[in-house]
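Student: Protein sequence lines, in the order shown, are assigned to chains F and P.
Each residue of the first sequence is one higher than the one before, starting from -1 at the first, in this note's numbering.
Each residue of the second sequence is one higher than the one before, starting from -1 at the first, in this note's numbering.
Please read through the structure below; I'll follow up with questions.
2 protein chains.
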Amino acid sequence: MRLIVARCEVRYTGRLNAVLPNALRLIMIKSDGSVMVHADTGGYKPQNWMTPPTVIEESEGRMVVRKLKGDDRLDIEISEIVSDVTHDMGEAAALEKDGVERDLQELLAEQPHWCGEGLRLVRREWPTDIGPVDLMCRDADDEWIAVEVKRVATIEAVEQLTRYLERIRQDPAMGACRGVLAAQTIKPQARTLAESRGIACVEVDLAVLRGEREPELTLFA
Amino acid sequence: MRLIVARCEVRYTGRLNAVLPNALRLIMIKSDGSVMVHADTGGYKPQNWMTPPTVIEESEGRMVVRKLKGDDRLDIEISEIVSDVTHDMGEAAALEKDGVERDLQELLAEQPHWCGEGLRLVRREWPTDIGPVDLMCRDADDEWIAVEVKRVATIEAVEQLTRYLERIRQDPAMGACRGVLAAQTIKPQARTLAESRGIACVEVDLAVLRGEREPELTLFA
DNA sequence: ACTTAGATTTCGCCG
DNA sequence: CGGCGAAGTCTAAGT
């Protein structure tokens, strides 16, 4: 990884055009060809960048980064170099995440009763022609239930599930299929829209699903 | 800006849990409190990070970054420091962009005929109770046309325009309002859904709108 | 303070 | 390789 602290002006042309006026910034060049231009503020995001695969040309006071395919182009004009160091970092193992939507879906697939009493799983990722339904279940009366799983459920999740239900119900055998929206958090507006469309809402707790915590019972029992 | 190259192990707990095994990485700390952990590959995105506002505690071989509000927490355990430098960068002027959705909307507002023959603009950002329609126009027959502008139009853009049309048509005077989806790129599924709902699709070219390029005519005229 | 919509979204999976 | 959906999305703007 190469770290250059320099006074520079940066131009990006490609999907749009963008200009960074001359100022002191960090230019980070990774060994995979990624180039990022960071200011000392602005958090997280580089002010300008190019993702691999790239071709980097360097000449006196100038660096041109091109995308291997396409017209994207980053022009860095360097007027003063404060520091320029390179570090060999070797391989860094990838990030291991836990608690994303997929984990939630897996846990609910194992314990579908959290989505509704007496539910049993028929299939995960039930295919429709507009995409897969997260969980397809049947209840004690053998009625079909389509479950959409989200970490945070917004109005869009309700629209998504509505589209699926529309398609599923076209099959006469599943004309009575109901919808359930299961999420760690359900936005109030999403809940309102869902209920107005007859879609049930279930807020689930990851720790409870894992048996690490008791489910909260009625507050004033 | 402080740049630390170090062998470290990083744990994030908050919205989810994530672990980065011990390896050589760059720890970037901006003066606004942003903390990013970058590997030498992986482009653009830090492997782990915390956006401001943060509180940073540092002790021997350990750094704890907490969000000022909330339970988010980054634990960096440092086993070896290769380099640790700080640079005063001052202020860096912001990025100036050109070619984002707003520019597209402005250009189409000036030349609404690209959205349909004989169209004239009534108003940009036409207000409805669920948000503003990008462009509201009338055609040669004085019929209303609601235009949704996107850089890249997905199925969500169609849903958005559909919601607007639903509301607009509740007004008896606008009961026949038509919808047009205008974008630089329209995804196939979005086009299919739009057309099945009677919404017209128009792909527009920024360079053509600016008169920098001739519109492509029929290929085999 | 909270919500909504855009982004050079990026990223990963699956066809 | 393209399309689609998730993301610790992030970020800016509006209410």
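Beta carbons are placed, not taken as given, at the ideal position from N, Cα and C, and that holds for glycine.
Considering only residues of the segment 90 to 140 of chain P, which uninterrupted alpha helix (DSSP H) runs meet the minimum length of 4 residues and lie entirely inside it, listed in chain order?
Tutor: Runs found: 99 to 108.
Student: Measuring alpha carbon to alpha carbon, tell me which residue in Asp101(P), Ala151(P) and Gly88(P) is nearest Glu201(P).
Tutor: Checking every option, the nearest Cα to that of Glu201(P) belongs to Ala151(P).
Student: Note down, in chain order, each residue of its chain lying with its Cβ closer than 8 Å to the Cβ of Glu114(F), except the 5 sequence neighbours on either side.
Tutor: In the sequence on display, residue 114(F) carries Gly and not Glu. The residues are Cys135, Asp137, Ile143, Val178, Ala198 and Val200.
Student: Buried or exposed for Ser32(F), please, with buried defined as at least 16 other CB atoms from any protein chain shown within 10 angstroms of its CB.
Tutor: The residue is buried, with at least 16 neighbouring Cβ atoms inside 10 Å.
Student: Should Thr52(P) go down as buried or exposed, given a rule of 16 or more other Cβ atoms within 10 Å for buried?
Tutor: Buried, because 16 or more other Cβ atoms sit within 10 Å of the Cβ of Thr52(P).
Student: Can you tell me the Cα-Cα spacing of Ile128(F) and Leu1(F), whole angstroms?
Tutor: Taking the straight line joining both Cα atoms gives about 46 Å.
Student: Within the continuous beta strand (DSSP E) that includes Thr152(P), where are the two ends?
Tutor: Counting along the chain, Thr152(P) falls outside any beta strand (DSSP E), and DSSP gives it neither H nor E.
Student: What residue range is occupied by the uninterrupted beta strand (DSSP E) comprising Ser57(F)?
Tutor: Here the beta strand (DSSP E) through Ser57(F) covers Thr52 to Ser57.
Student: Starting from Arg64(P), trace the beta strand (DSSP E) both ways and give me its first and last residue.
Tutor: Start and end: Arg60 to Lys65.
Student: Check the C-beta distance from Val102(P) over to Gln158(P) and give it rounded, since I have them as a contact under 8 Å.
Tutor: With the sequence shown as reference, residue 102(P) is identified as Leu, and Val is not the correct amino acid for it. That belief does not hold up - the Cβ atoms of Leu102(P) and Gln158(P) are roughly 16 Å apart, past 8 Å.
Student: Starting from Arg23(P), follow the beta strand (DSSP E) in both directions and report where the run begins and ends.
Tutor: Asn15 to Ile27 is the span of the beta strand (DSSP E), which, as asked, contains Arg23(P).
Student: Would a C-beta distance cut-off of 7 Å place Glu146(P) and Asp132(P) closer than the cut-off?
Tutor: Against a cut-off of 7 Å, the Cβ pair of Asp132(P) and Glu146(P) comes out as a contact.
Student: If the cut-off is 9 Å on Cβ atoms, which residues from the segment 71 to 94 of chain F count as contacting chain P, listed in chain order?
Tutor: The residues in question are Val80, Ser81, Val83, His85, Asp86, Met87, Gly88, Glu89, Ala90, Ala91, Ala92, Leu93 and Glu94.
Student: Confirm, please, whether the CB-CB distance from Ala92(F) to Gly21(P) is below 7 Å.
Tutor: First, the residue type needs correcting, since residue 21(P) is Ala and not Gly in the sequence shown. Against a cut-off of 7 Å, the Cβ pair of Ala92(F) and Ala21(P) comes out as no contact.
Student: For chain F, is any of its Cβ atoms less than 7 Å away from the one on Glu157(P)?
Tutor: Glu157(P) counts as touching chain F.
Student: Name the two residues that bound the continuous alpha helix (DSSP H) containing Gln187(P).
Tutor: Unbroken alpha helix (DSSP H) run through Gln187(P): Pro186 to Ser194.
Student: Taking beta-carbon pairs under 9 Å, can you tell me which members of the segment 95 to 110 of chain F lie near chain P?
Tutor: So the close ones are Lys95, Asp96, Gly97, Val98 and Asp101.
Student: Arg60(F) and Arg71(F): beta carbons closer than 7 Å?
Tutor: Not closer than 7 Å, so no.
Student: If the cut-off is 8 Å on Cβ atoms, which residues from the segment 2 to 25 of chain F count as contacting chain P, listed in chain order?
Tutor: Taking 8 Å as the Cβ-Cβ cut-off against chain P, the residues of the segment 2 to 25 of chain F that qualify are Val3, Arg13, Leu14, Asn15, Ala16, Val17, Leu18, Pro19, Ala21, Leu22, Arg23 and Leu24.
Student: Between Met(-1)(F), Ser57(F) and Val17(F), which lies nearest to Glu7(F) when the distance is taken from Cα to Cα?
Tutor: Taking only the C-alpha atoms, the option nearest Glu7(F) is Val17(F).
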